[in-house]
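The listed protein sequences correspond, in order, to chains Y and B. Residue numbering for the first sequence is 830 to 1004, as defined by our numbering. Residue numbering for the second sequence is 8 to 102, as defined by our numbering. Positions of the beta carbon are idealized from the N, C-alpha and C atoms, including for glycine. Inspection log for the structure reproduced underneath, given as structure tokens.
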Amino acid sequence: MSMIDLMKTRRSIRSFLPKPVSDEYMIKILDTARLAPSGGNRQRWKFIYVNDPQVLRMIKNCSPGFYGDAPAAIVVGLENEGSDPSSVIGLLDIGFAAENILLAAHALGLGGCAVGSFIAVAVKKVINAPDNFRPVLLFSIGYADKEPPMPSKKKLSEIVYLNEYGKGWEKLEEV
Amino acid sequence: MSETFDDRYFDLTMKVLNYAMEFVNQPSYASLRMTDVLQSLVDISAEIEGVERKEFYASVKAKFRDRKLMTTKQAEVDFLNELLTLYVEEWRRRK
Chain Y
830 MSMIDLMKTR
840 RSIRSFLPKP
850 VSDEYMIKIL
860 DTARLAPSGG
870 NRQRWKFIYV
880 NDPQVLRMIK
890 NCSPGFYGDA
900 PAAIVVGLEN
910 EGSDPSSVIG
920 LLDIGFAAEN
930 ILLAAHALGL
940 GGCAVGSFIA
950 VAVKKVINAP
960 DNFRPVLLFS
970 IGYADKEPPM
980 PSKKKLSEIV
990 YLNEYGKGWE
1000 KLEEV
Chain B
8 MSETFDDRYF
18 DLTMKVLNYA
28 MEFVNQPSYA
38 SLRMTDVLQS
48 LVDISAEIEG
58 VERKEFYASV
68 KAKFRDRKLM
78 TTKQAEVDFL
88 NELLTLYVEE
98 WRRRK
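Given below as structure tokens:
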């Protein structure tokens, strides 16, 4: 499948089959996250791969937005963020890595969902993270139980302007 | 993922604790109300068949008994963090 097709067919998966994910696949997914762009190539992210069912259980207890019994999860966060004024860049970096994680999972026949609703202090305690680590996103990863349909998306003409804010681009009318 | 009733009850009470933590910085009583629900669940735990962690819930109950009046948000945050530590330590002990 082409990259564009992968992007067009990826869905957020919140219901999983009780089938484990191989370490080989998880390493491939994590490697694509490693290669994501980061501001100044600082790579301040850390990825905690969770495959222990007991740890997964506790992560779920601390994450109201974590749906489904995924056999694997990834906690992504920033290290040594401190009061760095460029920390918004760190968050954007994690966004780049996040998309790589979700697309790589989809390319391997897996599915996942980014989870932003979790109690960071609780997740930190569960994974034994140091004080200088801030969890930013969680991912559930596994084999999809069902493929949800494409959710409603705005038309391109509603969100893209040509040269000036608010000026429509006639070529987009039919997309 | 949870198998025993005891685990399921532990997970339920821990989720309630996390909901209390989720709302703690909002300008409402939602966090305090969730904390009250947790206290009630802990209070009745000794009477529920299948709940095995009697000592653990007794320690959580003691923490509630010693709770001081929550006059600031920070006091609430600190109290909930203490409860969280009890939960994570209990989970780690049994893991």
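One question on the structure: do residue i and residue j come within less than 8 Å of each other, judged by their Cβ atoms?
i: Y/A828; j: Y/N909; result: This structure gives no information on residue 828 of chain Y, because the portion of chain Y shown stretches from 830 to 1004.
i: Y/L939; j: Y/F895; result: no
i: Y/G919; j: Y/R873; result: yes
i: B/V58; j: B/S52; result: yes
i: B/N25; j: Y/N890; result: yes
i: B/Y94; j: B/I55; result: no
i: Y/S986; j: Y/L1001; result: yes
i: Y/D960; j: Y/S844; result: no
i: Y/V905; j: Y/I923; result: yes
i: Y/I970; j: Y/A899; result: yes
Buried or exposed: which applies to residue i, given that a residue is buried once 16 or more other Cβ atoms fall within 10 Å of its Cβ?
i: B/M28; result: buried
i: Y/W998; result: exposed
i: Y/M836; result: exposed
i: Y/S892; result: buried
i: Y/L931; result: buried
i: B/E92; result: Rather than Glu, the amino acid found at residue 92 of chain B in this sequence is Thr. B/T92 is exposed by the Cβ-count criterion.
i: Y/E976; result: exposed
i: Y/I988; result: exposed
i: Y/M830; result: exposed
i: Y/I888; result: buried
Using the beta-carbon of each residue, which ones in chain B are nearer than 7 Å to residue i?
i: Y/R843; result: The premise fails here: Y/R843 is roughly 15 Å from chain B at the closest Cβ pair, so nothing lies under 7 Å.
i: Y/V955; result: V95
i: Y/N890; result: D18, M21, K22 and N25
Quick one, which of the options has its alpha-carbon nearest residue i's?
i: Y/A902; options: Y/S916, Y/P964, Y/G868 and Y/R871; result: Y/P964
i: Y/R871; options: Y/K996, Y/I856 and Y/L921; result: Y/L921
i: Y/R839; options: Y/G869, Y/L991 and Y/P978; result: Y/P978
i: Y/V884; options: Y/K983, Y/Y990 and Y/K954; result: Y/K954
i: Y/S833; options: Y/A973, Y/P900 and Y/A936; result: Looking at the sequence provided, one finds Ile at residue 833 of chain Y rather than Ser. Of Y/A973, Y/P900 and Y/A936, the residue nearest in Cα terms is Y/A936.
i: B/D13; options: B/F63, B/S47, B/P34 and B/M77; result: B/F63
i: Y/S916; options: Y/K983, Y/A862 and Y/F962; result: Y/F962
i: B/F86; options: B/V23, B/K70 and B/E96; result: B/K70
i: Y/A958; options: Y/F876, Y/R886 and Y/Y972; result: Y/F876
i: Y/Y1008; options: Y/E993, Y/P849 and Y/S831; result: Residue 1008 of chain Y cannot be examined here, being either before or after the span of chain Y that is shown, 830 to 1004.
i: Y/F925; options: Y/G897, Y/Y854 and Y/S867; result: Y/S867
i: B/K102; options: Y/I988, Y/S851 and Y/D881; result: Y/D881
i: B/R72; options: B/S47, B/T11 and B/Y36; result: B/S47
i: B/P34; options: B/V23, B/E83, B/R100 and B/E97; result: B/E83
i: Y/G897; options: Y/E993, Y/N992, Y/Y994 and Y/L846; result: Y/L846
i: Y/I842; options: Y/Y854, Y/A943 and Y/K857; result: Y/A943
i: Y/T861; options: Y/A927, Y/I956, Y/E993 and Y/N992; result: Y/A927
Please report the Cβ distance between residue i and residue j, rounded to the nearest whole angstrom; I am assuming they are in contact, meaning their Cβ atoms lie under 8 Å.
i: B/L45; j: B/T20; result: 6 Å
i: Y/A1005; j: Y/G941; result: This structure leaves residue 1005 of chain Y out entirely; chain Y is present only between 830 and 1004.
i: B/N32; j: B/K80; result: 7 Å
i: B/V49; j: B/K68; result: 5 Å
i: Y/L907; j: Y/Y878; result: Going by Cβ atoms, the distance from Y/L907 to Y/Y878 rounds to 17 Å, so no, they are not a contact pair.
i: Y/Y1042; j: Y/K984; result: Since the first residue shown for chain Y is 830 and the last is 1004, residue 1042 of chain Y is missing from the structure and cannot be characterised.
i: Y/R886; j: B/D43; result: With 8 Å as the limit, Y/R886 and B/D43 do not qualify as a contact, their Cβ atoms being about 25 Å apart.
Under 9 Å between beta-carbons, which chain B residues line up against residue i? List them in chain order, please.
i: Y/V893; result: The question names Val, but residue 893 of chain Y in the sequence shown is Pro. Those are K22, N25, Y26 and E29, listed as they occur along chain B.
In chain Y, what lies closer than 8 Å to residue i by C-beta?
i: B/N88; result: V950
i: B/K70; result: The contacting residues do not exist; B/K70 stays about 16 Å from chain Y at best.
Can you list the residues of chain Y that residue i reaches, using a CB-CB cut of under 9 Å?
i: B/L91; result: C891, I948, V950, A951 and K954
Mind listing the chain Y neighbours of residue i? Cutoff is C-beta to C-beta under 7 Å, in chain order.
i: B/K102; result: Q883
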